[in-house]
Amino acid sequence: MKVSATPTQLVFQLDPRLAALGLQQHLPCIQLQPWVQLYWSLKVTGLQDPAQSHALYPDGGSNLLFEFQPNQRPTCHFRYKQQLSQARFSAGMQLLSVRFHPTGAFQLLGLSPTEVPDLPIDLRLVNPPGLDWLLDQLAQHAELSTQLTAVECWLLHLAEQSGMQGSLVQKSLPLLQQPAADLQHVYQQLPKSRRQFERQFKLETGLSPAQLQLLLKVKLARFIISNDPTCSLAAVAQQAGFYDQAHLHQHFSRITGQTPGQYKKRKMSHISNSAR
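Structure (structure tokens):
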């Protein structure tokens, strides 16, 4: 495997607390976009309050996390958990992560969502092809751009080895991401029966189509609020595809552990604090 290209970098709107930790986000190359949502890197240089935590919201995706230590190979853990959890970052921590779309990691890494525990698993126990090469590359090169290129090269190699063109489940994901998508309409466009499709969907994502659709709606609601905290919650509900504001409140609270109003208030406080 040869390291040659650098993935395109895209700057997203970040939580100021995460931006202060040196968080960066990067887009994958176009060949990997069916499987990979983005890469993110973090290098904590200052002192951190060990009690401070950052919410990890479920959205049907999964993470492959590399943690670096001086003069050692990085550790490599895979995490798939569709429940709200918290992350804490300490001084000196250096991380690089691949954020996969639903189905992405399971297709490329040869894992099954029904067999992955809630706790992170050491990917070396799975040992997908080329992992040793990748860990050596990451240990030898300290530059983030070179590390990202090595990760992309490895993932492209896995995709090429598997000969994957995208499953029916994967091809259905853009339909589920549309806020006004009607599942009955989605089922009618598929060459399989509803029961066959739902069974295959569960095998490839670990979720039912309805469960994933709901997670994606809440994710869209979070995105809308983050981009414009002044937007009314009624408008957020409509844009994110919820029946009404009450349904937004119900599902948003259950999935994120806070009401849409609380989430909105926090985002507005971030804007206020950054303007000072």
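Residue numbers (the working numbering): 229 to 504.
Ideal Cβ positions, reconstructed from N, Cα and C, are used throughout, including at glycine.
Opposing strand residues paired with residue i [DSSP bridges]
i      : result
Leu324 : Ser269, Phe294
Ser313 : Leu284
Val464 : DSSP output for Val464 lists no bridge partner at all.
Phe306 : Leu292, Ile349
6 Å CB neighbourhood of residue i in its chain, flanking five on each side removed
i      : result
Ala333 : Ser290
Leu372 : Ser269
Val344 : Tyr308
Met321 : Val272
Glu388 : none
Val354 : none
His282 : Ala315
Phe296 : Pro302, Gln322
Residue i and residue j closer than 8 Å at C-beta
i      : j      : result
Pro256 : Tyr308 : no
Leu293 : Gln375 : no
Val264 : Phe306 : no
Lys492 : Leu448 : no
Ile452 : Lys495 : no
Pro302 : Leu363 : yes
Ala315 : Leu284 : yes
His477 : Thr487 : yes
Same chain only: Cβ atoms within 8 Å of residue i, ignoring 5 sequence neighbours per side
i      : result
Arg442 : Correcting the residue type first, residue 442 is Leu in the shown sequence and not Arg. For Leu442, where only same-chain residues beyond five positions count, the Cβ hits under 8 Å are His479, Ile483.
Pro437 : Ser400, Leu404, Leu411, Val414, Phe425, Glu426, Phe429
Thr331 : Trp263, Ser395, Val397, Gln398, Leu401, Glu432, Thr433
Leu418 : Leu396, Ser400, Phe425
Gln505 : What the structure shows of the chain is the stretch from 229 to 504, and residue 505 is not part of that stretch, so it cannot be assessed.
Leu444 : Asp287, Gly288, Leu404, Gln405
Gln416 : none
Thr458 : Met496
Given residue i as reference, the closest of the options once Cα atoms are compared
i      : options                        : result
Gln368 : Gln300, Phe328, Gly320         : Gln300
Leu359 : Ile349, Lys493, Leu339, Trp382 : Trp382
Ser313 : Pro348, Asp456, Pro402, Ser497 : Pro348
Ser390 : Gly288, Leu337, Thr273         : Leu337
Ser318 : Ser421, Asn355, Pro330, Thr273 : Thr273
Gln261 : Ser281, Leu476, Leu384, Asp350 : Leu384
Tyr471 : Val354, Pro407, Leu362, Gln335 : Pro407
Gln365 : Ala378, Pro356, Leu353, Gln297 : Ala378
Asp350 : Pro286, Gln467, Cys304         : Cys304
Gln311 : Val354, Asp346, Arg450, His282 : Asp346
Gln280 : Arg423, Gly469, Arg245         : Arg245
His254 : Pro298, Glu295, Val326         : Val326
Gly469 : Leu266, Leu435, Ala409, Pro298 : Ala409
Ala370 : Pro298, Arg352, Leu435         : Pro298
Residues of its chain near residue i, where Cβ-Cβ distance is below 7 Å and the 5 sequence neighbours each way are ignored
i      : result
Val446 : His479, Phe480, Ile483, Thr484
Gln473 : Leu461, Ala462, Ala465
Leu440 : Gly288, Pro330, Leu404, Thr433
Pro356 : Leu337, Gly338, Leu386
Gly489 : Leu461
Gln252 : Trp268, Ser269
Gln467 : Pro407, Ile452
Arg422 : Tyr415
Minimum Cβ-Cβ distance from residue i to chain B less than 8 Å
i      : result
Glu426 : No chain B is part of this structure, which consists of one protein chain only.
### Task
Run through the region 320-375 for me and flag every whole beta strand (DSSP E) of 3 or more residues, listed as ranges in chain order.
With a minimum length of 3 residues, the continuous beta strand (DSSP E) runs that stay inside the region 320-375 are 322-328.
### Task
Would you list, in sequence order, the uninterrupted alpha helix (DSSP H) runs of no fewer than 4 residues that lie entirely inside the region 370-452?
Listed in chain order, the complete alpha helix (DSSP H) runs (minimum 4 residues) inside the region 370-452 are 372-390, 396-404, 411-416, 422-433.
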